[in-house]
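Per this note's numbering: the sequence shown = residues 1004 to 1319.
Cβ coordinates follow ideal geometry from the N, Cα and C atoms, glycine included.
Please read all numbers here as calculations on a predicted model, not as lab measurements.
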Amino acid sequence: MLNLTELPSNTTSSTNLSMIVKVCVVIPLFLVFLCFIILTLYTLATHRQFFDSSRYVLFTYMLINDALQLFSSVLLFLLVVCGVHFAIVFCVPLLFVSTATFLNTPLILSTMSLERYVAIFYPLHRPAIWRPEWIWIIILSLWVISCILPTVDFILMRLKPGVDVNSTPVLCKTIVINATPIQSLFKVSLNGIFFAVVAMVILFTYIRILLETRRMRQDRASVNKALHTVLLHGFQLFLSMMAFSQPVAELLVTQHVSLSSGDMSFIYYFCFILLPRFLSPLIYGLRDETLRSYMVKNVPCYGARVEPQKEIKMTK
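Have a look at this one:
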């Protein structure tokens, strides 16, 4: 994962001030959006009718993945900022979860786009694998695929001489285990193929739904909504892909702007690692009228004043 691998660990006063500012930016936002994710998950869990729809099952899965991603990446951020050193054997699980959940995001986005495609083109004869009771097979497959890269990464891991996995304290950064050219080549190649395939899937579903929108004369509202949803998936995928442009952007920006590599790494970490996870529950939770109405009722103090609304029929 491309977060915080270059954050500096010196202890000058200016650096300390910079780190304090970064922590004060990240932690409050993390807590606010974590509360929002918890509220959304609680709403979904307490209203079983949501799990009769594949769309809401996938959305729940995306929220859980985003929560794990936020937890692991923010914890790694704090450990590096505070200069905490510990053995690699304890660092590896954190890096594994952080990398796997990061790679899982584009897979979930492409799957949600395909789900909208299936819902539009096969409303009455939906394939069994896309039904709510079988969607867990797709979810399990996504987890297996997203775990391939970090697993191979650790298999190819070659530590520096004198570094012991069980006892040598290190800063928990991906550069610790990505020290060989073979690993770098493998990661670049696999990530390129990975994101290219996902981008093609989202582009395919967007074009097909766009053509269907122009052809249909009835139920255009639901098709247009699906089109906008797929477009949002594409935007989130773009933000995730931008994280891989960090080395090139850092080289270009530092030639014209007096920014350190640590500051550039933080900007990329915030904009392309944290921000997409912050946006997910807002984009997909608040856009959905049914889910939003139930969420408002679950807000402490405020929910009791909301008048009951008629249930909106959910499409499977």
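What three-state label does DSSP hand H1050 in the structure shown? coil
Element boundaries [alpha helix (DSSP H), containing V1092]: 1091-1124
Can you say whether C1328 is buried or exposed, counting buried as having 16 or more other CB atoms within 10 angstroms of its CB? With the chain running from 1004 to 1319 in the structure shown, residue 1328 is simply not present.
Would you tell me roughly how many angstroms separate the C-alpha atoms of T1318 and S1187, rounded to the nearest one? Confidence at T1318 is low in this model, with a pLDDT of 48, below 50, so the placement of that residue should be treated as unreliable; the coordinate-derived value is given next. Cα to Cα, the separation comes out at about 44 angstroms.
Can you find the residues in the same chain that come closer than 6 angstroms, C-beta to C-beta, to Y1287, ignoring five residues on each side of it along the sequence? F1062
What would DSSP say about L1214, mapped onto helix, strand or coil? helix
Rounded to a whole number of angstroms, what is the C-alpha to C-alpha distance between F1080 and M1022? 10 angstroms
Mapping the DSSP letters down to three states, classify L976 as helix, strand or coil. Because the chain here runs from 1004 to 1319, residue 976 falls outside it and cannot be looked at.
Could you tell me if A1131 is buried or exposed, where buried requires 16 or more neighbouring beta carbons within 10 angstroms of its beta carbon? exposed
Take S1144 as the anchor and find which of I1111, V1092, T1183, Y1272 has the nearest alpha-carbon. I1111
Status (buried if at least 16 other CB within 10 Å, exposed otherwise) for D1069: buried
Coarse secondary structure for H1088, derived from DSSP in three states: strand
With distances taken Cα to Cα, identify the nearest neighbour of Q1090 among S1264, H1128, L1240, P1172. Correcting the residue identity first, residue 1090 is Ala in this sequence and not Gln. When each option's Cα is compared against that of A1090, the closest is P1172.
Own chain residues within Cβ distance below 7 angstroms of W1137, not counting five before or after: A1131
Could you say which of I1180, C1027, T1154 lies nearest to V1166 if we only look at CA atoms? I1180
CA-CA distance, K1025 and F1036? 17 angstroms
Name the residue from H1050, C1027, C1085, L1032 whose alpha carbon lies nearest to the alpha carbon of M1298. H1050
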